[in-house]
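*Asks:* So the sequence shown is numbered by numbering that gives the first Met the number 0: it starts at 0 and just counts up by one. Dumping the structure here so I can ask a few things about it.
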Amino acid sequence: MVYEYIISTQRQNFYNITGQVCEALSKSGVSNGMCIVYCPHTTAAITINENADPDVVRDMLHGLGKAFPDRPEFQHSEGNSSAHLKSSCVGASENIIIEGGRLVLGTWQGIYFCEFDGPRTRKFYVKIQ
Ligand code: ZN
């Protein structure tokens, strides 16, 4: 089963989508298997990281901005090459094990949709098998 979700984003931010992924798992009725969370965009990404301290997301955005700044030598006419770099570096998907009808996530892990070039209306997909 594949479930589609729509998300409205700010310029740059991480959005905790763990609740939507758990909802998709619950709808599917699958007890044991795999969950793929996938983002069909070239300037956004999916990651798993800390869900407790919001400073972690702020620091990650800051660190990614330092690692992939806009550079005058970039040639892409849309002017968002640093967002494309962040998207490929973080990755378009995550796989999560399903065991006993639950996602096997650590206590401090959350699943995030990462926006690097908003504001936009975005989609992500949850595949349960
Ligand atoms: Zn572009």
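Think of the CB as a built atom: it goes at the ideal place given N, C-alpha and C, for glycine as much as any other residue.
(1) Taking a contact to mean a Cβ-Cβ separation below 9 Å, would you say Ser-81 touches Phe-112 in this structure?
(2) For Phe-73, collect the residues of the same chain with a Cβ closer than 6 Å to its Cβ; drop the 5 residues on either side in sequence, then sort them by chain order.
(3) Just tell me which of Asn-48, Leu-84, Ile-127, Gly-62 has its CA closest to the CA of Gly-105.
(4) Would you identify the three-state DSSP class for Ser-86, choosing helix, strand or coil?
(5) In the DSSP output, what is Asn-12 paired with across the bridge?
(6) Determine the burial state of Ile-16: buried for a count of at least 16 other Cβ atoms within 10 Å of its Cβ, exposed for fewer.
(7) As a quick exercise: from Arg-57, Leu-102, Arg-121, pick the residue whose alpha carbon is nearest that of Met-33.
(8) Examine ligand 1 and report whether any of its heavy atoms sits within less than 8 Å of the Cβ of Ser-80.
(9) Under 9 Å, do Val-36 and Ile-110 count as touching if we go by C-beta distance?
(10) With 16 as the cutoff for other CB atoms within 10 Å, does Ala-66 come out buried or exposed?
(11) Go ahead and pull the three-state DSSP assignment for Arg-70.
(12) Does Ile-45 pass the burial test, meaning 16 or more other C-beta atoms within 10 Å, or should it be called exposed?
(13) Can you give the Cα-Cα distance for Ser-76 and Thr-120, rounded to whole angstroms?
*Replies:* Concretely, from the data shown:
(1) no
(2) Ser-80
(3) It is Asn-48 whose Cα lies nearest to the Cα of Gly-105.
(4) Helix.
(5) Paired residues: Glu-114.
(6) The Cβ neighbour count for Ile-16, taken over all protein chains shown within 10 Å, is at least 16; the residue is labelled buried.
(7) Leu-102
(8) yes
(9) yes
(10) Counting Cβ neighbours within 10 Å, Ala-66 comes out exposed, since fewer than 16 surround it.
(11) coil
(12) buried
(13) C-alpha separation (whole angstroms): 21 Å.
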